[in-house]
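Chains as they are written, first to last, in my numbering: chain H, 1 to 126; chain P, 127 to 252. Ideal Cβ placement from N, Cα and C applies to all residues, glycine included. Keep in mind the model is a prediction, meaning the values are calculated, not measured.
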DNA sequence: TATACCACTTTCCTAAAGTATACCGCTTTC
DNA sequence: GAAAGCGGTATACTTTAGGAAAGTGGTATA
């Protein structure tokens, strides 16, 4: 088939589709964890220590229990946060960042660094 | 009101709501630019040089012209990519990353770094 | 006995993101 | 003169993210 030569002529990229997705997959994995409206706020809240469910909710305005519950489960599945249940009168539940969760800090730092410059730029242009 | 003392007892966080959103806003700005299904793939595609519309579309499987058009416009608005129209027979249009767009590289690098470790971890756990 | 707190879950809903398909005007190639 | 490539737009649809409100089971408090 001539489509093969054709593609070679029209797509002079040195990245094959496989190489490209190989580069992108980890980036997507990282974004899956950080994107969304609440995940980062929750992670940030937990960087300051153990927190209880209602305590996190109180700290983040607008966060509903449904969302908090969902996000915490995802953080748990990804082993970024851990859940500790204490056998008290009505159960006490505490959440905390795992050591692994703390490895996100440099990444969040980069996001913050770039975001800050970008924000300045946007404001300056207006 | 006693609710004030109450809140003080229950929320011993040293971050006020304003401080917190001050930290988060730039991070959100950065994520706005990077999250979504196609933005990063397009940026990555452009890190290897100028590209034409159809060329980008061919390189990224599943990307529809509507989405590509929308995303490129957003990249342009944010001054991360530039559009060059050449006055040829049927117009030729080229897109390229601006120098500013290239400042995203370290950030994407961090995403990639963390994402790679995370991916290994997930696979190891399964 | 009524009210309130804790840690959630359930149901229903809307808005935004993304997909599918067709089309436009223009030009070169078959 | 039909088909195909270019750089898109238009329309209609589905899917996903997220929100609002109520409820659950247990306990403690007034």
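Between the stretch 109-125 of chain H and the stretch 73-81 of chain H, do three or more beta carbon pairs fall short of 8 Å? The stretch 109-125 of chain H vs the stretch 73-81 of chain H: no contact.
Using a Cβ-Cβ cut-off of 8 Å, state whether residue 223/P counts as contacting chain H. Counting from one through the second chain, the residue named residue 223/P turns up at place 97. It does not: the Cβ of residue 223/P has no partner Cβ on chain H nearer than 8 Å.
Among 40/H, 63/H, 92/H and 117/H, whose alpha-carbon lies nearest the alpha-carbon of residue 229/P? Taking the second chain and counting its residues from 1, the one referred to as residue 229/P is at position 103. With distances taken between CA atoms, residue 229/P lies nearest to 117/H out of 40/H, 63/H, 92/H and 117/H.
N-terminal and C-terminal residue of the alpha helix (DSSP H) that residue 74/H is part of: Residue numbering aside, residue 74/H sits at position 74 when the first chain is read from its first letter. Element bounds for residue 74/H: 65-77.
Which whole-angstrom value is the C-beta distance of residue 164/P and residue 197/P, which I expect to be below 8 Å? Taking the second chain and counting its residues from 1, one reaches residue 164/P at position 38. Taking the second chain and counting its residues from 1, one reaches residue 197/P at position 71. Confirmed, Cβ separation roughly 5 Å.
Using a C-beta cutoff of 8 Å, does residue 106/H count as contacting chain P? Indexing the first chain from 1 puts residue 106/H at position 106. Residue 106/H counts as touching chain P.
In the DSSP assignment, find the unbroken alpha helix (DSSP H) run with residue 166/P in it and report its ends. Residue mapping note: residue 166/P aligns to position 40 of the second chain, counting from 1. From DSSP, the alpha helix (DSSP H) with residue 166/P extends over 165-172.
Quick check on DSSP: helix, strand or coil for residue 35/H? In the first chain, counting from the first residue as 1, residue 35/H sits at position 35. Note: residue 35/H maps to coil in three-state DSSP.
Given that residue 254/P touches chain H, what residues does it touch there, using C-beta distances under 7 Å? The structure shown does not extend to residue 254/P, since chain P is modelled only from 127 through 252, so no value can be given for it.
Would the stretch 171-183 of chain P and the stretch 214-228 of chain P be scored as touching if the rule is three or more Cβ pairs under 8 Å? Yes: at least three Cβ pairs fall under 8 Å.
Chain P beta carbons: is any one of them nearer than 8 Å to that of residue 4/H? Within the first chain, numbered from 1, the residue matching residue 4/H stands at position 4. For residue 4/H, the predicted model reports a pLDDT of 30, less than 50, meaning its position is unreliable; a value from the coordinates is still stated below. No - not a single Cβ of chain P is within 8 Å of the one on residue 4/H.
Could you compute how far the alpha carbon of residue 168/P sits from the alpha carbon of residue 86/H? By one-based count along the second chain, residue 168/P stands at place 42. By one-based count along the first chain, residue 86/H stands at place 86. Each residue's alpha carbon lies about 48 Å from the other.
Alpha carbon to alpha carbon, how far is residue 240/P from residue 29/H? Give it in angstroms, no decimals. Residue mapping note: residue 29/H aligns to position 29 of the first chain, counting from 1. Residue mapping note: residue 240/P aligns to position 114 of the second chain, counting from 1. In a straight line, the C-alpha of residue 29/H is about 9 Å away from that of residue 240/P.
Mark residue 145/P as exposed unless 16 or more other C-beta atoms lie within 10 angstroms of its C-beta, in which case mark it buried. For the purposes of this step, residue 145/P is taken as residue 19 along the second chain, with counting starting at 1. Per the 10 Å Cβ criterion, exposed.
Apart from the five residues on each side of it in sequence, which residues of its chain come closer than 6 Å, Cβ to Cβ, to residue 8/H? Numbered from its first residue, the first chain carries residue 8/H at position 8. The predicted position of residue 8/H is uncertain, since its pLDDT is 33 and thus under 50; a value taken from the coordinates is nonetheless stated next. For residue 8/H, where only same-chain residues beyond five positions count, there are no Cβ hits under 6 Å.
With a threshold of 8 Å on Cβ separation, who are the neighbours of residue 177/P within its own chain once the five nearest residues in sequence on each side are excluded? Taking the first residue of the second chain as position 1, residue 177/P is located at position 51. If you ignore the 5 residues before and after residue 177/P, its C-beta comes within less than 8 Å of the C-beta of 171, 185, 220, 221 and 222, all in its own chain and listed in chain order.
Would you kindly check if the distance between the Cβ of residue 166/P and the Cβ of residue 133/H is under 8 Å? Chain H is shown from 1 up to 126; residue 133/H falls before or after that span and cannot be answered.
Alpha-carbon to alpha-carbon, residue 32/H and residue 68/H: Here the question's residue 68/H lines up with position 68 in the first chain. Here the question's residue 32/H lines up with position 32 in the first chain. Answer to the nearest angstrom: the Cα atoms are 16 Å apart.
Chain H contact residues for residue 200/P, given Cβ-Cβ distances below 9 Å: Indexing the second chain from 1 puts residue 200/P at position 74. Per Cβ cutoff of 9 Å: no residues; residue 200/P is ~13 Å from chain H at best.
What are the residues that DSSP puts in a beta bridge with residue 85/H? Counted from its first residue, the first chain places residue 85/H at position 85. For residue 85/H, the pairing in a beta bridge is given by DSSP as 93/H.
Less than 8 Å between CB atoms is the rule here; does residue 65/H satisfy it with respect to chain P? As a working note, residue 65/H is residue 65 in the first chain. No, its Cβ sits nowhere closer than 8 Å to a Cβ of chain P.
How would you list, in chain order, the residues of chain H whose beta-carbon sits under 8 Å from the beta-carbon of residue 218/P? Along the second chain, read from residue 1 onward, the residue named residue 218/P stands at position 92. Within chain H, no residue comes near residue 218/P; the closest Cβ sits about 14 Å away, beyond 8 Å.
Classify residue 176/P as helix, strand or coil using the three-state DSSP reduction. Translated into positions along the second chain, residue 176/P becomes position 50. Collapsing the DSSP output to three states places residue 176/P in coil.
Take residue 218/P and list the residues in its own chain whose beta-carbon comes closer than 6 Å to its own, dropping the five residues that flank it on each side. For the purposes of this step, residue 218/P is taken as residue 92 along the second chain, with counting starting at 1. Within its own chain, the residues whose Cβ lies closer than 6 Å to the Cβ of residue 218/P, once the five positions on either side in sequence are excluded, are 212, listed in chain order.
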